[in-house]
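To keep things clear, I will list the structure first and then write my remarks on it.
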Amino acid sequence: MTEILYDEIPSLDLADFTSGDAEKKAAFVKKLGDAYQNIGFVAIKNHGLSQELQDKLYAVIKKYFTLPDEVKAKHEKPEIGFQRGYTGKGKEHAKGRNTGDLKEFYHVGQELSDIPDSDPIKAEYPANVWPEELPEFEDIALETYRTLEKAGKNMLRAIAIHLGLEEEYFEDKVAYGNSILRQIHYFPIENPDEVPADAVRAAEHGDINLITLLMGASADGLQVLRRDGKWIPITALPDQLVVNVGDMLERLTNKKLKSTIHRVVNPPRELMHTSRYSIPFFMHPRSEMDLTCLESCIDANNPKQFEDTTAGAFLEERLKELGLKK
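Oh and the sequence shown: position 209 is 212 in this note's numbering, straight run, nothing missing.
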């Protein structure tokens, strides 16, 4: 493996992978592999998510988060580990921390009507929660969800080729997977002295899932921890998605692909009173996916580093560590 210290995350064109040009496809896979083995992040364009749809979703979630807290609380489902609907301010914290992050968010998962009745996975998922105050939210969120899921499947095909697997390796594992579209509001802090000294918008963490697809956030603040210990800012152009490796993929590949630690830092004190919005799509497989390290990623120089587990068991454990499940 070539060791590369990136000053910024590499930009790739997903059309190079999907266009049918074998040379461009191979070049895409090579660049993606280099990035994921070193920094775990890329920015991609031609992902299929239009600016118009992004704008519509941002507009509707901005409206949602201006609703009174007692209205939003009606959409909160602690009994399902907040996996659908609203999660209130400060309720999630990073693994290993007790101070809650300075954010609130809204989860959309697989729409049950999209899943065939014959698929047993349907019984595992709770129904989505749709706020009656914003009837337009449902169609916009579901269109975004399906578009990002399709882009994610293309990224996983490229990852499979890089790993020397069949291109379709992940297809059945992510079919109606437990993916989550998370609309986040990093809420304004009018008096910074009133929050705990160590409270941040999102403390340093790795994502749980296979890959995360993030559409452009509304303000700066996202940073990734480079291998040499330096934090570098993540900036994507308006037409790009940031796509990073999650812990499940790192586990499957025995750390060949890097789930890089990242965070959202607080703005300068004089801007703490401003909001920041962000919408990641956490691409999860089906709960039964085996996350046992691939044999091809284990050798004398890189012995097996993880216990065998399934995606479902790993997710349960992590939701408890984040304070979302008891």
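Where is the CB? At the ideal position from N, CA and C, for every residue including glycine.
- Pairing Asp-250 with Arg-185 gives a Cβ-Cβ distance that is not under 9 Å.
- Annotation for Leu-159: Phe-173 place their beta carbon closer than 6 Å to its own, counting only its chain and skipping 5 residues before and after.
- For Asp-24, there is no enclosing beta strand (DSSP E), since its DSSP letter is neither H nor E.
- The C-beta distance from Leu-8 to Arg-229 rounds to 6 Å, short enough to meet the 8 Å contact threshold.
- Residue state for Val-198 is assigned as coil, using DSSP reduced to three classes.
- By the C-beta density criterion, His-276 is exposed, having fewer than 16 other C-beta atoms within 10 angstroms.
- In the three-state scheme derived from DSSP, where H, G and I count as helix and E and B as strand, Gln-113 is classed as coil.
- Contact between the region 42–49 and the region 107–116 is absent: fewer than three C-beta pairs spanning the two stretches fall below 8 Å.
- In the three-state scheme derived from DSSP, where H, G and I count as helix and E and B as strand, Ile-7 is classed as coil.
- For Lys-323, the enclosing alpha helix (DSSP H) has its first and last residue at 314–324.
- Exposed is the label assigned to Gly-167, since fewer than 16 other Cβ atoms lie within 10 Å of its Cβ.
- A residue is called buried when at least 16 other Cβ atoms come within 10 angstroms of its Cβ; Leu-240 does not meet this threshold and is exposed.
- Classified as exposed, Asn-305 has fewer than 16 neighbouring CB atoms from the shown chains inside 10 Å of its CB.
- Under a 10 Å Cβ-count criterion, Pro-134 is classified as buried, with 16 or more other Cβ atoms of the shown protein chains found around its own Cβ.
- Secondary structure at Gln-243: coil, using DSSP grouped into helix, strand and coil.
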